[in-house]
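J.: Here's a structure for you.
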Amino acid sequence: MAGGVVVNAAGGKTYPGRMTAFVFFTCLVASSGGLIFGYDIGISGGVTSMDSFLKQFFPSVYAKAEANKDTNQYCKFDSQLLTLFTSSLYLAALATSFVAASVTRVFGRKWSMFCGGLTFLAGSALNGAATDVLMLILGRILLGVGVGFANQSVPLYLSEMAPAKLRGMLNIGFQLMTTIGILAANLINYATVGIPGGWGWRIGLGLAGVPALVITVGALALPDTPNSLISRGFHEDAKAVLVKIRGTEDVHEEYDDMVAACEEAGAIEHPWRNILERKYRPQLTVAVLIPFFQQLTGINVIMFYAPVLFLTIGFGDDASLMSAVITGCVNMFATVVSIVSVDRAGRRALFLQGGTQMFVSQIVVGTLIALQFGTAGVGEMSRSNAMLLVLFICLYVAGFAWSWGPLGWLVPSEVFSLEIRSAGQSIAVCVNMMLTFIIGQSFLSMLCTLKFGLFYFFAGWMFVMTTFIAFFLPETKGVAIEEMNLVWSKHWFWGKYVAGADTHHAGGNRRSSGV
Numbered sequence: 129m130a131g132g133v134v135v136n137a138a139g140g141k142t143y144p145g146r147m148t149a150f151v152f153f154t155c156l157v158a159s160s161g162g163l164i165f166g167y168d169i170g171i172s173g174g175v176t177s178m179d180s181f182l183k184q185f186f187p188s189v190y191a192k193a194e195a196n197k198d199t200n201q202y203c204k205f206d207s208q209l210l211t212l213f214t215s216s217l218y219l220a221a222l223a224t225s226f227v228a229a230s231v232t233r234v235f236g237r238k239w240s241m242f243c244g245g246l247t248f249l250a251g252s253a254l255n256g257a258a259t260d261v262l263m264l265i266l267g268r269i270l271l272g273v274g275v276g277f278a279n280q281s282v283p284l285y286l287s288e289m290a291p292a293k294l295r296g297m298l299n300i301g302f303q304l305m306t307t308i309g310i311l312a313a314n315l316i317n318y319a320t321v322g323i324p325g326g327w328g329w330r331i332g333l334g335l336a337g338v339p340a341l342v343i344t345v346g347a348l349a350l351p352d353t354p355n356s357l358i359s360r361g362f363h364e365d366a367k368a369v370l371v372k373i374r375g376t377e378d379v380h381e382e383y384d385d386m387v388a389a390c391e392e393a394g395a396i397e398h399p400w401r402n403i404l405e406r407k408y409r410p411q412l413t414v415a416v417l418i419p420f421f422q423q424l425t426g427i428n429v430i431m432f433y434a435p436v437l438f439l440t441i442g443f444g445d446d447a448s449l450m451s452a453v454i455t456g457c458v459n460m461f462a463t464v465v466s467i468v469s470v471d472r473a474g475r476r477a478l479f480l481q482g483g484t485q486m487f488v489s490q491i492v493v494g495t496l497i498a499l500q501f502g503t504a505g506v507g508e509m510s511r512s513n514a515m516l517l518v519l520f521i522c523l524y525v526a527g528f529a530w531s532w533g534p535l536g537w538l539v540p541s542e543v544f545s546l547e548i549r550s551a552g553q554s555i556a557v558c559v560n561m562m563l564t565f566i567i568g569q570s571f572l573s574m575l576c577t578l579k580f581g582l583f584y585f586f587a588g589w590m591f592v593m594t595t596f597i598a599f600f601l602p603e604t605k606g607v608a609i610e611e612m613n614l615v616w617s618k619h620w621f622w623g624k625y626v627a628g629a630d631t632h633h634a635g636g637n638r639r640s641s642g643v
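Below you can see the structure in the form of structure tokens.
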């Protein structure tokens, strides 16, 4: 093997590269984009369970919750206006993902991250100072624009900066930061709920500006990825960045392959049209189904509405927020398990194990709630049953945190060829946000209608998605993203779609020689 390049199990090449201080710093700063996403998930669920917030902005919901204290527990918070407050962010993120794809491709990954941080900062200021529902919703829309930009650019940035053998670990830094954001929000909710005067929710909503400031300032300090720099004509800058992130001068072959990939990508005038071609069918399917399934795990039901959910099933105000803190801690620490194991055990093993654990947990949670409240939604949960419920919710969250949580972002970001990568990531973000919006908007109504059956509904989807992974997702650990087409060409099902297509970019003949 020449120049330290080795042939991997997929038949492609693995380039030299190690964990340098520079690549760790750049990926750490970029991963902070996950903070804004996670903080919002945690904070929105917390404030919507605070009486002072509901009294000021959603008095009818507060009155209904008070009136239903001893009646139907499933329907006490059912309000389309309340869910619109939470889910409007994801509708804005969905619309933004298409614009963000063009910004990411034309101006680079770092400037897309900068735009995301800036708009999220503006949205947090508007929400913290809100005096009516309109200000709240407008603030949420700005937050959604920020999330759309960050979720489009950060996973791409991490996948392109990381050495192939460390790509999973470094990319999951985004999900780890998301879980840290959720935990921080849960702790702030718990600390502010009892502030005299009932204005603690303003602190929670306004402090969203802190993670926004981190990614905004951090983006200015980051270099762009070599792939992005080459595609925009900055060849010398790209080579200098590649040397720094690989920790070696021996980057000539990887650099040449990047240039060849960019030249082929530059010949593609309409990536949105090209992505529909037969040879990209496997990647397009993954870009649609992985984020689609990720949201149908039901995780956002737990993370958005954990305080409301715990309050609904009989926990007190403070106890419900503390239970959300517990699930937030589990979420964060279980994500570390994924970081440690994803490049060893592989993507498929984590998907399959986590999916099975989540399936069992959803069945148990649904059964516990059914036994306690039945279909009438009337009852009171004993302390022992409540603790058992929290335990299985924690097992469910842990399963998600080392499987569908991080891998739902990692896998779509690493499977596309450069020429359609921005378009592919945009589709993945769009599907994710669309499903998040639909589920966020409909969850409280679904809980009121399906009752405990809602948890069986999500368990059914867990079975479907775990089966899909078992049969249709190839292993991608350790494969350079420029080599990913080889993985699809050797798959038992997807191989027929890429058969006869060029499984390498322009430079493929040099690659296949096994140099």
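Offset between the sequence shown (1-based) and this note's numbering: plus 128. All residues carry an ideal CB built from backbone N, CA and C; glycine is no exception. Computed from a predicted model, the values in this text were never measured in an experiment.
What is the C-beta distance between A415 and G552, in whole angstroms, given that I count them as a contact (C-beta under 8 Å)?
T.: Indeed they touch by this definition, with Cβ atoms about 5 Å apart.
J.: Across the region 377 to 387 and the region 264 to 278, are there enough close Cβ pairs to call them in contact, namely three or more that are closer than 8 Å?
T.: No, they do not touch.
J.: Name the residue from W239, R409, K192 and A514 whose alpha carbon lies nearest to the alpha carbon of D352.
T.: That would be W239, whose Cα lies nearest to the Cα of D352.
J.: Starting from R360, trace the alpha helix (DSSP H) both ways and give me its first and last residue.
T.: Counting along the chain, R360 falls outside any alpha helix (DSSP H), and DSSP gives it neither H nor E.
J.: Please name the residue in I308, G328, A250 and M263 whose C-alpha comes closest to that of D179.
T.: Closest option to D179, Cα to Cα, is G328.
J.: Cα-Cα, which of L298, I497, F181 and D384 is closest to T259?
T.: Taking only the C-alpha atoms, the option nearest T259 is F181.
J.: Please go through the same chain and pick out, in chain order, the residues whose beta-carbon is closer than 6 Å to the beta-carbon of T247, but skip the five residues on each side of it.
T.: Closer than 6 Å at the Cβ level, and outside the excluded window around T247, lie L270, V273 and G274.
J.: Using DSSP with H/G/I as helix, E/B as strand and the rest coil, what is L334?
T.: It should be pointed out that residue 334 corresponds to Gly in this sequence rather than to Leu. Of the three classes helix, strand and coil, the one that applies to G334 here is helix, per DSSP.
J.: Identify which residue in I308, A312, L335 and N299 has its Cα closest to the Cα of G606.
T.: Per the Cα distances, N299.
J.: Please return the same chain residues whose Cβ sits closer than 6 Å to the Cβ of G139, not counting the five positions on each side in sequence.
T.: Annotation note: pLDDT 47 at G139 (below 50); position unreliable, coordinate value reported separately. L614.
J.: Given 8 Å as the limit, is there contact between the region 275 to 290 and the region 578 to 598, that is, 3 or more CB pairs closer than that?
T.: The region 275 to 290, when compared against the region 578 to 598, does not touch it at the 8 Å Cβ threshold.
J.: Starting from V607, follow the alpha helix (DSSP H) in both directions and report where the run begins and ends.
T.: Counting along the chain, V607 falls outside any alpha helix (DSSP H), and DSSP gives it neither H nor E.
J.: Have a look at E194, F580 and A556 and flag the residue whose alpha-carbon is nearest the alpha-carbon of Q500.
T.: Checking every option, the nearest Cα to that of Q500 belongs to F580.
J.: With a Cβ-Cβ cutoff of 7 Å, do N317 and G332 count as a contact?
T.: Their beta carbons are under 7 Å apart, which means N317 touches G332 by this criterion.
J.: Among F185, W616 and I430, which has the Cα closest to the Cα of V525?
T.: Among F185, W616 and I430, the Cα nearest to that of V525 is on I430.
J.: Roughly how many whole angstroms lie between the Cα atoms of F528 and A228?
T.: F528 and A228: Cα-Cα distance of roughly 27 Å.
J.: Leaving aside the five residues before and after S466 along the sequence, list all residues of the same chain whose C-beta is less than 8 Å from its C-beta, in chain order.
T.: So the list reads I300, Q303, L478, A529, W530, S531, G533, P534 and L535, once near-sequence residues are dropped.
J.: Go ahead and label G267 buried or exposed: buried means 16 or more other beta carbons lie within 10 angstroms of its beta carbon, across all protein chains shown.
T.: Under this definition G267 is a buried residue.
J.: Is it the case that the Cβ atoms of W622 and P410 are separated by a distance below 7 Å?
T.: Going by C-beta atoms, W622 is nearer than 7 Å to P410.
J.: Short of 8 Å in beta carbon distance, which residues of its chain neighbour L412, apart from the five on each side in sequence? Order them along the chain.
T.: I403, L404, G552 and I555, listed in sequence order.
J.: Would you call the CB atoms of A340 and I491 closer than 7 Å?
T.: No. Outside cutoff.
J.: If we count the other Cβ atoms within 10 Å of its Cβ and call it buried at 16 or more, is Q422 buried or exposed?
T.: Q422 is buried by the Cβ-count criterion.
J.: Given that a residue counts as buried once 16 or more other Cβ atoms are within 10 Å of its Cβ, and exposed if not, what is S225?
T.: Buried, by the Cβ-count rule.
J.: I'd like the ranges of any alpha helix (DSSP H) spanning at least 4 consecutive residues and lying wholly in the region 492 to 574.
T.: For the region 492 to 574, whole alpha helix (DSSP H) runs of length 4 or above, ordered along the chain, are 511 to 529 and 532 to 542.
J.: Where does Y625 fall in DSSP's three states?
T.: Y625: helix per DSSP, three-state reduction.
J.: Measure the C-alpha to C-alpha separation of G174 and S215 and round it to an integer number of angstroms.
T.: Their Cα atoms are separated by approximately 14 Å.
J.: Is it buried or exposed for M297, if we count other Cβ within 10 angstroms and need 16 for buried?
T.: The residue in question, M297, is buried, as its Cβ has 16 or more Cβ neighbours within 10 Å.
J.: Going by the CB atoms, is the gap between Y218 and F565 shorter than 7 Å?
T.: It is a contact, given that the beta carbons lie within the stated cut-off.
J.: Just the C-alpha distance for A366 and S545, rounded to the nearest angstrom, thanks.
T.: Roughly 18 Å separates the two Cα atoms.
J.: Kindly provide the ranges of any alpha helix (DSSP H) runs that are 4 or more residues long and lie completely inside the region 196 to 281, ordered along the chain.
T.: Listed in chain order, they are 208 to 235 and 237 to 256.
J.: Where do the ends of the alpha helix (DSSP H) carrying F586 lie?
T.: F586 -> alpha helix (DSSP H) spans G581 to F600.
J.: Got a sec? Which residues, its chain only, sit under 7 Å from F420 by beta carbon, not counting five neighbours each side?
T.: Here the set comprises V559 and L563.
J.: Hey, I310 and G170: beta-carbon distance below 7 Å or not?
T.: Yes. Within cutoff.
J.: Using a 10 Å radius around the Cβ and a threshold of 16 neighbouring Cβ atoms, would you call T503 buried or exposed?
T.: Flag for T503 reads exposed.
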